[in-house]
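> The structure is given below, and queries will be raised subsequently.
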Amino acid sequence: MAIDVVVLVSIGRHPVSGRARRADADARAVELALGIAGAHVQLVHAGDPDEPALRDYLGMGANAVTVLRMGPEADPVSVLSAHLSSTKPQIVLAGTRAEGGEDSGLVPYLVAQALNTPLVPGIVSLSLVGERAEMLQGLPRGRRRSLVSPVPLVATVPVMAPAPRMSAFGLARRGTIAVKDADAAADAARTAWTEGPARRRPKRIKVMKAASAADRVRAVTEMAAGKGKVLQNVPPEEAAKAIFDYLVTEGIIQAKP
Amino acid sequence: MSEERIRRDPRAEREARRGRAPQAEDIPTPVAAEASPSGRVRRDPRAERAARTSRAAEPATAAQPAAAPESESGRVRRDPRAERASRTGRAAPAAPQPAAPAPAPSGRVRRDPRADRTAQRQAGVARAETASPVKTIADPKFLILAVPDLEDARLSSHDKDVIGAARGLADAGGGAVVVLAFTGPEGVKDGLDEAGADRALRFADVSFAGYAPERRAAAVLAAIQALNPRHILFPDTGVVGGDVGRRVAVSLGDRVASNVQRVAPDRITRRGRGGRADFALAPPRVLLIAAEAADPVIDERYEARDLPAPRIEALSHVEDRGLAATDPATVPMAEADFIVSAGNGVRDWDAFHRVAAALGASEGGSRPVCDAGHLPRHRQVGASGTLVEPRCYVALGIAGAPQHLQGISKVERVVAVNADAHCDMVKRADLAVVGDVQALMPALERIAKERRHGN
Ligand SMILES: Cc1cc2nc3c(=O)[nH]c(=O)nc-3n(C[C@H](O)[C@H](O)[C@H](O)COP(=O)(O)OP(=O)(O)OC[C@H]3O[C@@H](n4cnc5c(N)ncnc54)[C@H](O)[C@@H]3O)c2cc1C
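Chains A and X are the protein sequences, given in the same order.
Numbering follows the numbering used here, with no gaps: position 133 of the first sequence is 197.
Numbering follows the numbering used here, with no gaps: position 122 of the second sequence is 123.
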């Protein structure tokens, strides 16, 4: 029996040109889904069915996208939850955050709440073993945590997941877009917001409290000094042992007990 | 010098004032000294200059004195002098201390300028980082809850920014900051007091460590119920703060403001549209704060009084099988956890690759070694290479040019091996070995193979 995997896809924006494209994290979620052995992958989008960027996802090899038609600033959560409650997929994947709107990353959490399933954040791989999903979660600094969860479940896929395949033109043309009408309420809270272009802040160099200009100059020009333990005239064996012990006590590597 | 005049060294006094827990019997308050008849203060420009230019060998985060006495409140009282002494590797002298001179028979305080100067010089730059008097907020009008990630039981700079943002919100209206800390069984390695916590709610149980977002969210929700904070702040990080914060917001039925760039009591700015737009709005209850959105607290100390932590029953449906082995060679440099890096001092490249593999570290290099083709270009660390943030950086035969040091400016632990004891990398290092790197590499490889866990 094939396992039903639904990927929630949104429309992204190219960070520089602002052109509509597949959203990076969502495309990685599609890539991850297409790699699950024994999965039947469906894509679901809440929004405008005529958006050409949807075809980028089809070009990755998914046969069809189901579009729940709604206005651009409407709230997709109720629409998606209603659809998924009726289709009951075992696994729902989504990018950690969208790149076209509020980008709050809250949609998968609300969907998981509506479906009453666990949510696993930030996975970079997933495979099925019987009724259970074995996943690797991406942690900072290249670390990975191994997790196992029963299905059904919702999981999010971060931009550190493996890169998505290119979109093939022929596949993109041939794929079908199935439209379902949905009524979504407009997002009321959003109208109270004011929007402007993002203001770039300079990167912080150093945090300091300076009484005078001289203090400030000193703080940025001075080199950060370490704890400064220096071993001199020590034979290499002993120095190597000192380094090794330091790495162990600082928890960088583990020594045999 | 006239007898009436007290010779003062303002810097040393400031130091003394800042560095000590307030004690009634500590006489030399500046007010008392100013009251001297002439009222004139004598400065010692040379000593001040010396203090300015001398550098402390260690940052203030160095080890606490072995036996810090515990006060009745259960909080550890710091003794900056003992700390300073332990930092400089000297036993605390039994001789009279410059900061607490005995009152002369006349009742006036006699100071010893030379001892003052010595103390100053030892304190050096670290002086700016010694603890200040504790600020207490006894009766706050409202509470702000901050939940740092505390990865590896340490406050990251992002964590400190979040507590700084909470401070800003609290200070704007007479509120107090509660830091909810999943400390792990061994406790937090950095002081929550110096980070800006008025209260601390600590969850030390191991069941909150590893993968435990449901339990963490339940703990935060219990704290919200007990304390009714005005705002709850998390670092907007992928799988820790950002995840738990979203769970909490969903349970509260609230919106969340993520990727928050600026925080004020009535207005916040959050980034959206793929990073191209800023939205300004009234702050919702749950705020997910971007790194560097606020400045951390520095040079100040708050009470960090412990609040009783509630018991949490929630359990997880997801099983945590622990960290998976990853191949350090395939991890991108910017993400690497542990880097062994080579400079021009390395000549035996075979030995270098072997020692990196034996330690399970990612390889890095300085620009000249990448220029020469010993390592691929994407391994270059520095201003024109990658800015790296491993937990530890081992620099083998790297001089420490400014362009290279820029690339490791955020690294906490640096180990250097260099033939030149005076190079900047040795100064930057927490542990430095002065000697030939060619001889050291095979020795380190051998001991790593012998004693390291796993392959
Ligand atoms: C615009 C610009 C950008 C740059 N960007 C970067 C950058 O991104 N990254 C970067 O790394 N550099 C960069 N540089 C170059 C930088 O200025 C230095 O030249 C470079 O970092 C020096 O590399 P090194 O320390 O490996 O070599 P060296 O300066 O040659 O130092 C070699 C070190 O090895 C030690 N040594 C020699 N033999 C032994 C031995 N047998 N045992 C132990 N120690 C030994 C020496 O004492 C010395 O300290 C940049 C320069 C410019 C102008």
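Ideal placement from N, C-alpha and C gives every residue a C-beta, glycine not left out.
As the structure is a prediction and not an experimental result, all values here were calculated from the model.
Is aspartate 349(X) near ligand 1, in the sense that its beta carbon is under 6 Å from a heavy atom of that ligand?
The answer is no for aspartate 349(X).
> Mind checking proline 149(X): buried by the 16 CB within 10 Å criterion, or exposed?
When all chains shown are included, proline 149(X) counts as buried.
> Heavy atom of ligand 1 less than 6 Å from the Cβ of glutamine 296(A), yes or no?
No - ligand 1 has no heavy atom lying nearer than 6 Å to the Cβ of glutamine 296(A).
> Name the residue from Arg264(A), Met124(A), Val143(A) and Gly123(A) whose alpha carbon lies nearest to the alpha carbon of valine 131(A).
Per the Cα distances, Val143(A).
> Just mark glutamine 154(A) as buried or exposed, buried being the case when its beta carbon has 16 or more other beta carbons within 10 Å.
Buried, because 16 or more other Cβ atoms sit within 10 Å of the Cβ of glutamine 154(A).
> Where alanine 89(A) and proline 236(X) are concerned, what is the direct C-alpha to C-alpha distance, given to the nearest angstrom?
Computed Cα separation, rounded: 20 Å.
> Under 7 Å between the Cβ atoms of isoleucine 225(X) and valine 178(X)?
Cβ atoms of isoleucine 225(X) and valine 178(X): not closer than 7 Å.
> Exposed or buried, aspartate 279(A), counting other C-beta atoms within 10 Å across all chains shown (16 or more means buried)?
Under this definition aspartate 279(A) is an exposed residue.
> Just to make sure I have the definition right: I need the residues of chain A whose C-beta is within less than 7 Å of the C-beta of phenylalanine 353(X). Which are they?
None at all; the shortest Cβ gap to chain A is about 14 Å.
> If you draw a straight line from the alpha carbon of histidine 375(X) to that of threonine 270(X), how long is it in whole angstroms?
Cα-Cα distance, rounded: 46 Å.
> Check whether the Cβ atoms of alanine 337(X) and histidine 159(X) sit closer than 7 Å, and answer yes or no.
No, Cβ-Cβ distance for alanine 337(X) and histidine 159(X) is not below 7 Å.
> Taking 7 Å as the threshold (beta carbon to beta carbon), is serine 6(A) in contact with chain X?
The structure shown does not extend to residue 6(A), since chain A is modelled only from 65 through 321, so no value can be given for it.
> Can you give the Cα-Cα distance for aspartate 431(X) and proline 141(X), rounded to whole angstroms?
Rounded to the nearest angstrom, the two C-alpha atoms are 41 Å apart.
> Hey, does isoleucine 448(X) have any beta-carbon neighbour from chain A nearer than 7 Å?
Answer yes: the Cβ-Cβ gap between isoleucine 448(X) and chain A drops below 7 Å somewhere.
> For aspartate 247(A), does the count of other Cβ atoms within 10 angstroms reach 16, so buried, or fall short, so exposed?
It counts as exposed.
> Nearest to alanine 373(X) by CA position, among Val416(X), Ala343(X), Ala352(X) and Ala218(X), is which residue?
Closest by alpha carbon: Ala343(X).
> Can you give the beta carbon distance from glycine 164(A) to glycine 275(X), rounded, assuming they're within the 8 Å contact cut?
Yes, glycine 164(A) and glycine 275(X) are in contact; Cβ-Cβ is about 6 Å, under 8 Å.
> Using a Cβ distance threshold of 8 Å, determine whether the segment 309-322 of chain X contacts the segment 388-405 of chain X, with at least three qualifying pairs required.
Judged by Cβ distances under 8 Å, the segment 309-322 of chain X makes no contact with the segment 388-405 of chain X, as fewer than three pairs qualify.
> In the DSSP assignment, the alpha helix (DSSP H) including alanine 246(A) goes from what residue to what residue?
Looking at the DSSP string, alanine 246(A) is not in any alpha helix (DSSP H), and its letter there is neither H nor E.
> Using a beta-carbon distance below 7 Å, is arginine 247(X) in contact with chain A?
Yes, because at least one Cβ of chain A sits closer than 7 Å to the Cβ of arginine 247(X).
> Where does proline 371(X) fall in DSSP's three states?
The question names proline, but residue 371(X) in the sequence shown is cysteine. The answer is helix: DSSP assigns cysteine 371(X) an H, G or I state.
> Using the beta carbon as the reference atom, which residues fall closer than 5 Å to any heavy atom of ligand 1, ordered along the chain?
Ordered along the chain, the selected set is Gly344(X), Asn345(X), Gly346(X), Ser367(X), Arg368(X), Pro369(X), Gly383(X), Ala384(X), Ser385(X), Gly386(X), Gly398(X), Ile399(X), Ala400(X), Ala402(X), Gln404(X), His405(X), Asn419(X), Ala420(X), Asp421(X), Cys424(X), Asp437(X) and Val438(X).
> If you draw a straight line from the alpha carbon of arginine 378(X) to that of alanine 146(A), how long is it in whole angstroms?
Taking the straight line joining both Cα atoms gives about 50 Å.
> Below 7 Å on C-beta distance, what does isoleucine 317(A) contact in chain X?
Residues of chain X passing the Cβ test: Leu360, Gly361 and Arg453.
> Which bits of chain X does proline 79(A) rub up against, with CB to CB less than 8 Å?
Near proline 79(A) (Cβ distances below 8 Å), the residues of chain X are Gly275, Gly276 and Arg277.
> Could you confirm whether any beta carbon from chain A is found closer than 7 Å to the beta carbon of serine 259(X)?
Serine 259(X) counts as touching chain A.
> Is the closest heavy atom of ligand 2 to the C-beta of alanine 232(A) under 6 Å?
Questions concerning ligand 2 fall outside what the structure shown contains, since the ligands it does hold are ligand 1.
> Strictly below 9 Å CB to CB, what residues from chain A border histidine 318(X)?
Result: Thr181, Pro182, Ser213, Pro214 and Leu217.
> So, does the CB of aspartate 167(A) fall closer than 7 Å to a CB anywhere in chain X?
It does: the Cβ of aspartate 167(A) has a partner Cβ on chain X nearer than 7 Å.
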